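Residue numbers (the working numbering): 1 to 315. Glycine residues also receive a C-beta, built at the ideal position from the N, C-alpha and C atoms. If you're wondering where the values come from, they're calculated on a predicted model, not measured in any experiment. Reading through the structure tokens given below for one structure.
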Amino acid sequence: MTSSTAAAVTDLRRHPVLRLVAIVACLPYLSLKLAWISGSHLGIPDGSPLLEHRVVMALANGLTVLMDAAVVVLALLLTQAWGRRVPAWVLAVPMWVATGLLAPIMVGFPLQMVVHGGTDSGDDRPFLDGWVFGVVYGGFIVQGLALGALFVGYARERWGYLWRGRVWELPPHGTVAAQRVTAVTAALLALVPGTLRLLWACGFTGGRNISGGRLMEVVYVGFLVAAVTGAWQLAFRRGRPLPVTVPLALAWVGSGAVACWGGWMALGALVTSHDLADRPTPAMSLTYAVQMIVGLLVATVAAHHFADRSARTPR
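Now the structure itself:
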């Protein structure tokens, strides 16, 4: 058996295992959410803010059930023959969102476990029992690892020709000027949420009405830097000896994290903050909004790269 044949057989054997792992990892979260929708208080202590607005929380829980169920659909799509025939955007958009939502958890939760023992909410009010965070975030980490491995294998087989070579080998193309303008705009805008989050991480409380969470501010800054760096390298051919996969990975993960979490935090604030004191400050709202814009701009640079190479590079 040749090495290529052996690798193919290994991939075929690994896909069902990874698919099963991704699907099983969704079950704890889905079970908890469905229990809460049905009226159970499992894992929710008395006095939790989650018990104050039952209808709103039921709707929010329903939305997150659909979002996590989408992981099951993605796991099937990435491992079935029919998944090779879906249009690229049908897979790329939800995978980008999934990557963006899961990546900060995969980085931030282990760091919080090491630094703060898994708790860094900074809120004296009971929210959820401690075991819930371990079960839910642990499941998210497993989902991210399994789904990420499936997607990398799928993308390598279907689109691997789009990231061959090194940065210095990228040919000039018609959208290079637009990519550079977009990358510069993203870098300048990223200074707003990046500066505010760094200040909050250092203990500055102006413009922030919550305590704690300083470690996650550092994590978000890291993803902002990754997004801008990836876009800059693609647009200006910086880091020329690097494989093209490096700036693409930075742009993909970084843009997804800052855009999707910016949007998610903005949505969460609108839906759950009925008390004026709990609503985000203008500075926090600005941070969420600009994060979304930065992420979308960086994603645009990456999308232009894929479109240009797809049109010019033979399979």
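- In this structure, residue 74 lies away from residue 106, with their beta-carbon atoms at least 8 Å apart.
- Counting the other Cβ atoms within 10 Å of the Cβ of residue 80 gives fewer than 16, which makes it exposed.
- If you ignore the 5 residues before and after residue 37, its C-beta comes within less than 7 Å of the C-beta of 58, 61, 62, all in its own chain and listed in chain order.
- For residue 309, the enclosing alpha helix (DSSP H) has its first and last residue at 282-312.
- The segment 127-136 makes contact with the segment 40-58: 3 or more CB pairs, one atom from each, lie closer than 8 Å.
- Positions of the alpha helix (DSSP H) runs, each at least 4 residues long and wholly inside the segment 107-160, are given as 130-159 in order along the chain.
- Assignment of residue 166 by DSSP, reduced to helix, strand and coil, places it in the strand class.
- The three-state reading of DSSP puts residue 49 in helix, counting H, G and I together.
- With respect to residue 227, residue 258 sits close: the two C-beta atoms are nearer than 8 Å.
- With fewer than 16 other CB atoms across the displayed protein chains lying within 10 angstroms of its CB, residue 82 is exposed.
- Note that the segment 249-257 touches the segment 97-106; at least 3 beta-carbon pairs, one per stretch, sit closer than 8 Å.
- Taking each of 101, 76, 271, 68 in turn and checking the Cα distance to residue 220, the smallest one comes out for 101.
- Taking residue 243 as the centre and dropping the five residues before and after it, the same chain places the C-beta of 166 closer than 6 Å to its C-beta, in chain order.
- About 5 Å separates the CB atoms of residue 196 and residue 287; that is less than 8 Å, so the two are in contact.
- For the alpha helix (DSSP H) assignment, the uninterrupted runs of no fewer than 4 residues enclosed by the segment 191-238 are, from N- to C-terminal side, 214-236.
- Residue 73: member of the alpha helix (DSSP H) spanning 54-77, first to last residue.
- A Cβ-Cβ distance of about 17 Å is found for the pair residue 110 and residue 261, leaving them out of contact under the 8 Å criterion.
- When DSSP states are grouped into helix, strand and coil, residue 243 belongs to the strand group.
- Using a Cβ distance threshold of 8 Å, residue 86 and residue 189 do not count as a contacting pair.
- In this structure, the straight-line span from the alpha carbon of residue 185 to that of residue 297 is close to 8 Å.
- In this structure, DSSP gives residue 262 a helical state, which the three-state scheme calls helix.
- Between residue 15 and residue 145, the C-beta gap is not smaller than 8 Å, which leaves the two residues out of contact.
- At the C-beta level, residue 224 and residue 305 stay beyond 8 Å of one another.
- The three-state reading of DSSP puts residue 37 in helix, counting H, G and I together.
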